[in-house]
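Just so you know, we're using the UniProt record's numbering here: the sequence shown kicks off at 1 and counts up by one. Backbone N, C-alpha and C fix where the C-beta goes; we use that ideal spot for every residue, glycine too. Everything numeric in this text was worked out from a predicted model, so none of it was measured.
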Amino acid sequence: MSTEFQPLDQQSDFAIDGMEEHAPTNSSGPGVDIVRLLFRNKFLLITGLIAGLMLGQVAYIKLGPIFSASTKIQVSQKNAVPIKEGEAQTFGELTAHIDVIKSPRIVGEAVKEAKLNELPSLAGEKDPTQDIIDTLKVKRISGNDRAYLNILSITYENPLSQDAKAVTEAVVKAYRKYLNDVSDENTKDIIKQLNEANQQILSDLEQKKKEYKEFREKAPLYWEHTPGSEAAVAGSTNVHQERVKAIDNERRLNLLKLTELKSKIDSLKAAIASGESKETLELLAQQFLMGQTRGQAGSANGNTSQGQIATPNTTQVDRARTALETHLMPLLIQKHRLERDFQKNHPDLDAVNRSIETVINLYRRQGLDISAENLESGDFKIAKVKDVDFVNVYLKSMEQQLKELNNRETELTKLFEQETALAKKVGNFQVVDQSYNEEIAQLKTQREEIFKQLLVEKVSQGDGGYTLTQLAPVKDELVIKRQLKFLIAGGAVGLGLVLAISYFREMRDTTVKSVDEIRDQLHLPILGEVPTFAESEAAMDDSEFDPALWYYYRPASREAEAFRSLRTSLLLKTDRSGAKVLQMTSAEPGDGKTTSISNLALAISQTGRKVLIVDADLRRPTVHKLFGLSNAIGLGDVMANEIDAQTAIRETRISNLSIMTAGTLPENPSEMLMSRRFTDLIKQLRDAYDYVLIDTPPLVVVSDPSVIASTVDGVLLVVRLDKNRRGVMRKVQQVIQTNGIKVTGILANGIFSGRYGEYDYGAGEGYQEYFEAQPKKKTTQPVVPANTEITS
Numbered sequence: 001m002s003t004e005f006q007p008l009d010q011q012s013d014f015a016i017d018g019m020e021e022h023a024p025t026n027s028s029g030p031g032v033d034i035v036r037l038l039f040r041n042k043f044l045l046i047t048g049l050i051a052g053l054m055l056g057q058v059a060y061i062k063l064g065p066i067f068s069a070s071t072k073i074q075v076s077q078k079n080a081v082p083i084k085e086g087e088a089q090t091f092g093e094l095t096a097h098i099d100v101i102k103s104p105r106i107v108g109e110a111v112k113e114a115k116l117n118e119l120p121s122l123a124g125e126k127d128p129t130q131d132i133i134d135t136l137k138v139k140r141i142s143g144n145d146r147a148y149l150n151i152l153s154i155t156y157e158n159p160l161s162q163d164a165k166a167v168t169e170a171v172v173k174a175y176r177k178y179l180n181d182v183s184d185e186n187t188k189d190i191i192k193q194l195n196e197a198n199q200q201i202l203s204d205l206e207q208k209k210k211e212y213k214e215f216r217e218k219a220p221l222y223w224e225h226t227p228g229s230e231a232a233v234a235g236s237t238n239v240h241q242e243r244v245k246a247i248d249n250e251r252r253l254n255l256l257k258l259t260e261l262k263s264k265i266d267s268l269k270a271a272i273a274s275g276e277s278k279e280t281l282e283l284l285a286q287q288f289l290m291g292q293t294r295g296q297a298g299s300a301n302g303n304t305s306q307g308q309i310a311t312p313n314t315t316q317v318d319r320a321r322t323a324l325e326t327h328l329m330p331l332l333i334q335k336h337r338l339e340r341d342f343q344k345n346h347p348d349l350d351a352v353n354r355s356i357e358t359v360i361n362l363y364r365r366q367g368l369d370i371s372a373e374n375l376e377s378g379d380f381k382i383a384k385v386k387d388v389d390f391v392n393v394y395l396k397s398m399e400q401q402l403k404e405l406n407n408r409e410t411e412l413t414k415l416f417e418q419e420t421a422l423a424k425k426v427g428n429f430q431v432v433d434q435s436y437n438e439e440i441a442q443l444k445t446q447r448e449e450i451f452k453q454l455l456v457e458k459v460s461q462g463d464g465g466y467t468l469t470q471l472a473p474v475k476d477e478l479v480i481k482r483q484l485k486f487l488i489a490g491g492a493v494g495l496g497l498v499l500a501i502s503y504f505r506e507m508r509d510t511t512v513k514s515v516d517e518i519r520d521q522l523h524l525p526i527l528g529e530v531p532t533f534a535e536s537e538a539a540m541d542d543s544e545f546d547p548a549l550w551y552y553y554r555p556a557s558r559e560a561e562a563f564r565s566l567r568t569s570l571l572l573k574t575d576r577s578g579a580k581v582l583q584m585t586s587a588e589p590g591d592g593k594t595t596s597i598s599n600l601a602l603a604i605s606q607t608g609r610k611v612l613i614v615d616a617d618l619r620r621p622t623v624h625k626l627f628g629l630s631n632a633i634g635l636g637d638v639m640a641n642e643i644d645a646q647t648a649i650r651e652t653r654i655s656n657l658s659i660m661t662a663g664t665l666p667e668n669p670s671e672m673l674m675s676r677r678f679t680d681l682i683k684q685l686r687d688a689y690d691y692v693l694i695d696t697p698p699l700v701v702v703s704d705p706s707v708i709a710s711t712v713d714g715v716l717l718v719v720r721l722d723k724n725r726r727g728v729m730r731k732v733q734q735v736i737q738t739n740g741i742k743v744t745g746i747l748a749n750g751i752f753s754g755r756y757g758e759y760d761y762g763a764g765e766g767y768q769e770y771f772e773a774q775p776k777k778k779t780t781q782p783v784v785p786a787n788t789e790i791t792s
């Protein structure tokens with residue numbers, strides 16, 4: 001096997017699938033596992049708790065007991081029904097009663113009236129009032145912040161029971177006297193303040209009315225209401241502003257007509273330019289005229305609608321003539337088309353003639369002079385309608401209307417600007433007028449409110465304030481909580497002191513305490529975690545095997561499950577890679593490598609694979625002790641060429657498990673293990689067994705493990721928590737790097753049982769019962785038949 005150096009940050013070829021090398025971290029050091037700390041020092045913590053409780057009891061006896069005197073009082077309003085406005089929202093504030101009772105005024109009055117400063121417990125105090133306030137407790141036991149009554153509890157504590165009762169009774173009497181005195185004083189002060197406020201508001205109101213009267217005489221406004229009334233607050237009327245609204249409305253209507261008329265002219269001109277037939281143009285003009293006729297139906301009588309502004313250049317006769325043209329033109333166009341297409345007696349032509357006559361009669365009744373002569377030779381020329389170009393006449397008529405609307409827009413704009421300027425000028429006076437009215441109304445409202453309050457105060461004088469009723473006599477009792485406080489404080493001090501000492505001692509401990517810390521130190525994968533366990537209780541005094549073989553005595557235990565998990569990880573990889581010879585070593589003596597390799601061999605043998613344990617610790621061999629074998633012959637004798645390998649191998653009564661003990665210990669084990677004969681022996685054993693597990697001395701103690709590592713397929717390193725120190729781990733890392741040892745992985749031994757693996761296999765999860773429920777099975781079938789030959 002090659003011993004060429006391999007960087008530790010690269011994963012070994014023999015690393016287990018799914019496991020990655022742990023990258024180096026910048027952690028300055030491991031933290032403290034509080035759960036482990038508490039578990040390891042539980043008896044010391046219990047001792048500290050007991051000592052703390054004893055200390056608390058001694059302090060309580062020395063300082064003496066405390067007596068508590070308490071009573072209950074009811075504070076309620078004298079009037080059952082509130083007669084003052086807002087009284088239901090402000091009466092009965094809880095914090096007011098509590099603060100007043102604990103104030104120096106009440107307590108000082110109690111000290112003065114009852115001579116509390118002469119009591120034995122208060123005689124030597126510099127300020128008895130403040131001493132009582134510091135100890136006095138007042139709290140609500142019934143009612144709420146807005147209730148008409150509150151039930152309060154008053155409690156005072158004192159080393160003497162009689163003094164506690166005297167102080168409590170004196171405080172209740174002082175507060176009752178305070179409630180009676182303050183009621184009358186408050187009512188008189190309120191009435192005085194209300195009278196002064198009423199006179200001031202009355203003076204302000206008269207002055208404001210005088211100023212407003214002078215303003216009305218100068219302002220160019222029109223008023224419909226008297227000054228100071230509720231209707232007057234809305235302000236006066238601005239005539240110019242009303243006119244601006246009416247003009248603006250007329251401008252919007254005129255703009256709509258302009259837009260519509262321009263659209264019709266553009267459409268008709270576009271149709272003429274495109275060369276449309278005369279019939280099409282007449283039909284288009286007729287459609288426009290019919291729509292215009294419907295739009296002007298409401299104003300055919302020539303009257304101006306409400307709110308309209310008439311321009312100076314438009315007369316009633318002109319509007320009537322325009323309306324007549326608008327109604328008559330479609331009928332003339334239709335008559336012209338019918339005369340061209342039909343005979344004179346056609347029914348449709350007769351109907352159109354009757355319609356024309358009806359329109360003419362209608363406008364004659366409205367005052368428009370339309371005679372037969374002007375119809376023949378006047379503006380309409382009905383007699384010569386066949387020779388008239390109606391489309392051109394209609395187009396010119398719309399252009400004339402467009403000029404009229406533009407002229408109307410100019411006049412309306414000029415009138416709008418004039419009225420707007422006048423409205424703004426008068427508007428400033430309106431603002432001042434509204435301000436005066438609002439101030440006068442506000443002063444009147446304030447005066448009415450003050451008058452109502454004054455009337456209520458006078459009516460209810462002598463009936464306000466509060467009534468105090470003592471619901472229970474003052475009683476005293478021993479304060480048990482005081483003793484509990486001393487005991488709790490003493491216990492906390494004892495526990496805290498012991499915990500602090502344990503914590504700092506744990507911080508100074510340099511041993512590795514967790515699996516993560518092992519990764520940080522060695523940067524190698526963790527193949528298994530073995531919990532801390534004692535010798536199996538299932539072992540008998542006359543048993544052949546050592547009680548440390550948990551996998552044999554308790555195969556369903558959580559300890560055996562740990563080795564079963566390690567076995568699974570190894571077999572998944574070695575079955576594919578072909579690795580068969582594995583070495584197990586540790587950092588220091590006592591890390592449990594021999595016990596671990598023996599239990600691992602038991603676990604592998606249960607799968608039907610042939611396993612051989614070779615005790616290569618030629619300095620302090622212990623494998624033979626675990627299995628109850630003699631160490632008379634073994635590896636040392638084979639290496640000395642005194643016996644062959646077949647003779648040195650011992651069969652056990654466990655199926656598929658054989659052992660080669662250390663045998664006679666040589667004087668130069670390192671040189672013997674470096675010999676060619678040892679390499680040949682490993683090759684022979686590799687061919688005869690499925691797995692060969694070699695137990696070697698600790699890695700940092702002697703050089704034997706480094707020598708053997710060059711002949712095996714992989715090395716398993718056992719690290720024991722709470723034993724191996726970080727300095728030793730750094731030395732192990734240095735040895736591995738220097739000798740180029742290919743470490744397959746680490747077996748973490750001595751894991752705290754409460755943190756074993758990722759799950760708690762203890763009580764509460766049900767796993768412990770599962771492990772113990774499996775029956776133990778033993779077999780005496782030999783692993784290797786007696787006639788098996790191993791060539792030397």
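Expressed to the nearest angstrom, what Euclidean distance is found between the alpha-carbon atoms of residue i and residue j?
i	j	result
L179	H97	10 Å
D520	I34	20 Å
F215	L443	18 Å
E559	T595	12 Å
R653	L612	13 Å
S131	G52	Reading off the sequence, residue 131 comes out as Asp, not Ser. One C-alpha to the other measures close to 31 Å.
I597	R725	22 Å
Q199	K208	14 Å
G740	G48	51 Å
V239	A423	8 Å
T259	E409	12 Å
I633	L699	25 Å
E529	Y691	21 Å
K344	D350	8 Å
R567	H624	22 Å
Q400	V359	22 Å
L415	K425	16 Å
E206	E217	17 Å
V244	Y212	28 Å
In three-state DSSP terms, what is residue i?
i	result
A579	coil
E85	Per-residue confidence for E85 stands at a pLDDT of 48, beneath the threshold of 50, marking its modelled position as unreliable; the derived number appears in the next sentence. Three-state result, E85: coil.
G745	strand
A69	strand
Y212	helix
R653	coil
S142	strand
E477	strand
T467	strand
L665	coil
R725	strand
Y689	coil
What are the partner residues of residue i, as DSSP defines its beta bridges?
i	result
Q74	I151 and T469
M584	D695 and L716
Legend entry - Uninterrupted alpha helix (DSSP H) stretches inside the segment 482-566 (no shorter than 4 residues): Fully enclosed alpha helix (DSSP H) runs of 4 or longer: 515-522 and 550-553.
Inset, instruction - For the segment 437-456 and the segment 260-279, state whether three or more C-beta atom pairs, one from each stretch, are separated by less than 8 Å. - result: Verdict: no, contact absent.
Inset, instruction - Determine contact between the segment 708-718 and the segment 572-582, defined as no fewer than three beta-carbon pairs at a distance below 8 Å. - result: The segment 708-718 vs the segment 572-582: in contact.
Inset, instruction - Would you check if the segment 604-612 and the segment 627-646 touch, i.e. whether three or more CB-CB distances between them fall below 8 Å? - result: No: fewer than three Cβ pairs fall under 8 Å.
Inset, instruction - Check whether the segment 730-745 touches the segment 491-498, taking contact to mean three or more Cβ pairs, one atom from each stretch, closer than 8 Å. - result: No, because fewer than three Cβ pairs between the segment 730-745 and the segment 491-498 fall closer than 8 Å, the two stretches do not touch.
Inset, instruction - Inspect the CB distances between the segment 484-496 and the segment 50-60 and report whether three or more fall short of 8 Å. - result: Touching, yes, given that three or more Cβ pairs across the two stretches are closer than 8 Å.
Inset, instruction - Take every Cβ of the segment 509-516, pair it with every Cβ of the segment 62-78, and state whether three or more of those distances are shorter than 8 Å. - result: Of all C-beta pairs linking the segment 509-516 to the segment 62-78, fewer than three are shorter than 8 Å, placing the two stretches out of contact.
Inset, instruction - Evaluate the contact criterion for the segment 168-177 versus the segment 106-118: three or more CB pairs, one atom per stretch, below 8 Å. - result: With the cut-off at 8 Å, the segment 168-177 and the segment 106-118 touch.
Inset, instruction - Evaluate the contact criterion for the segment 431-438 versus the segment 244-261: three or more CB pairs, one atom per stretch, below 8 Å. - result: Cβ pair count under 8 Å is below three, so no.
Legend entry - Stretch pair the segment 681-690 + the segment 546-564: three plus CB contacts closer than 8 Å: Contact fails: fewer than three Cβ-Cβ distances are below 8 Å.
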